[in-house]
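Down below is the structure, laid out as structure tokens.
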Amino acid sequence: MTTIRVEETPHLTAILRLADTALVLSHRLSEWCGHAPMLEEDLALANIALDLLGQARLLYQHAAELEGKGRTEDDYAYLRDAPQFRNYLIAELPRGDFAFTIVRQTLFSAYFHPFWRRAANSTDRTLAAVAAKAEKELAYHLRHAGAWLVRLGDGTEESHRRTREALDALWPYTGEFFEVDAVSRAMIEAGVLPDPEALRPNFEETVDRLLREAGLPRPPAVWMQSGGLRGVHTEHLGHMLAVMQHLQRAYPGARW
Amino acid sequence: MAEQPMPLWEVFVRARTGLAHRHVGSVHAPDAEMALQAARDTYTRRGEAISIWVVPSSAITASDPADKDSLFEPTASKIYRHPSFYEIPEEVGHM
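Line by line, the protein sequences are chains A and B.
Be aware that the first sequence starts at 165, since it is given in our numbering, and climbs by one per residue.
Be aware that the second sequence starts at 540, since it is given in our numbering, and climbs by one per residue.
Given below as structure tokens:
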């Protein structure tokens, strides 16, 4: 079983964190394909998944350039194990029920929409180009997920309860958005990444507005989960990768 | 859980090249805003559109197919309503 060893520099790690997050969340959304509550939403979730997959591909291609070892986007996606993935933990949690998926997508987009808007000014020209595309996509994801959040929170007793449970379960995973370690500090100083602290007011404002409209209480300050960015994952990522990587692992080099 | 049926919406899309909105199909959605989003995700996946309308299907009053003969037959014998009896002056050329 082939597993690649990526020699990570701060720049490469920063790009892999974004690429892995987009890929893993895309996969989680794709798990709804054929299972969404209705056909229209099946298409909507698949559309969002494809947007994220497109972002992941561009970011992996950029990673391959940075690493300079002739790798392809597929190598990063299929030939690394869980500890080598650098995604935010929130992306890898199982898809849960529809409320969980909507709450996750809302929280994720509330952070990543302003993130990409700022990253469009990155000193990394390739990242800036990805950001310009991703910003428009995330604006729609936020609009779609946010609209559902309001309707579920302000819907039936059951939809309210499920949405609230999902919010409580997911909130501890939002701290990672604002985590800054040596890698991201170096990239912020180099103007490659935006400083998450500068994105916080925007994130809070979006979340507060949507929760108010949805009639959901803002979760209290709690202990925040951490680890994804340095490869310490929940038990769920390994299982997800087993499914996602199965074909390449069973038939190395398989092509369409 | 007793689920209420989602209202149906008719979708009209103005194509990039077209002047008028054309009926393209329908979607289920709880309200107008979500109907617009469902229409976007269902009918504009290949860059077709520059504008979308959604209309509650219940707001459409349709003619009864059984009335076809009385509504539409009488025009069949009025061929003079077609602009095919004019002689076009030579100077006009192709029309």
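Each residue gets a CB set at the ideal place from its N, CA and C atoms; glycine is no exception.
Since this is a predicted model, take the numbers as computed values, not measurements.
Neighbour-count burial assignment, residue i, 16 or more Cβ in a 10 Å radius
| i | result |
| --- | --- |
| A:Leu203 | exposed |
| A:Gly392 | buried |
| A:Asn285 | exposed |
| A:Ala346 | exposed |
| A:Ala263 | buried |
| B:Phe611 | exposed |
| B:Arg579 | buried |
| B:Ala559 | exposed |
| A:Leu182 | buried |
Closer than 7 Å at the beta carbon, the chain A residues around residue i
| i | result |
| --- | --- |
| B:Pro569 | Arg315 |
Proximal chain A residues relative to residue i, where beta-carbon distance stays under 8 Å
| i | result |
| --- | --- |
| B:Thr583 | None at all; the shortest Cβ gap to chain A is about 10 Å. |
| B:Glu572 | Ala311 |
Residue-level contact to chain B via CB, residue i, 8 Å cutoff
| i | result |
| --- | --- |
| A:Met351 | no |
| A:Asn211 | yes |
| A:His308 | yes |
Within chain B, the residues that residue i reaches when beta carbons sit closer than 9 Å
| i | result |
| --- | --- |
| A:Ala208 | Gln576, Ala577, Arg579, Asp580 and Thr581 |
Test: residue i CB closer than 8 Å to a CB of chain A
| i | result |
| --- | --- |
| B:Val566 | yes |
| B:Met540 | With a pLDDT of only 47 at B:Met540, under the threshold of 50, the placement of this residue in the model should not be trusted; the figure read from the coordinates follows. Yes - at least one Cβ of chain A is within 8 Å of the one on B:Met540. |
Per-residue contacts from residue i into chain B (C-beta, under 8 Å)
| i | result |
| --- | --- |
| A:Glu204 | Val566, His567, Ala568, Ala577, Asp580 and Thr581 |
Integer Cβ distance of residue i from residue j, believed to fall under 8 Å
| i | j | result |
| --- | --- | --- |
| A:Leu209 | A:Trp196 | 5 Å |
| A:His305 | A:Gln248 | Their Cβ separation, rounded to whole angstroms, is 27 Å, which puts A:His305 and A:Gln248 out of contact at 8 Å. |
| A:Leu363 | A:Ala178 | Contact doesn't hold; Cβ gap of about 15 Å is too wide. |
| A:Leu271 | A:Val371 | 7 Å |
| A:Leu291 | A:His226 | 7 Å |
| B:Thr581 | B:Val566 | 6 Å |
Residues that DSSP places opposite residue i in a beta bridge
| i | result |
| --- | --- |
| A:Glu340 | DSSP lists no partner for A:Glu340. |
| B:Leu547 | B:His567 |
| B:Ser590 | B:Arg553 |
| A:His191 | Beta-bridge pairing links A:His191 to no other residue. |
| B:His562 | B:Phe551 |
| B:Pro595 | B:Trp548 |
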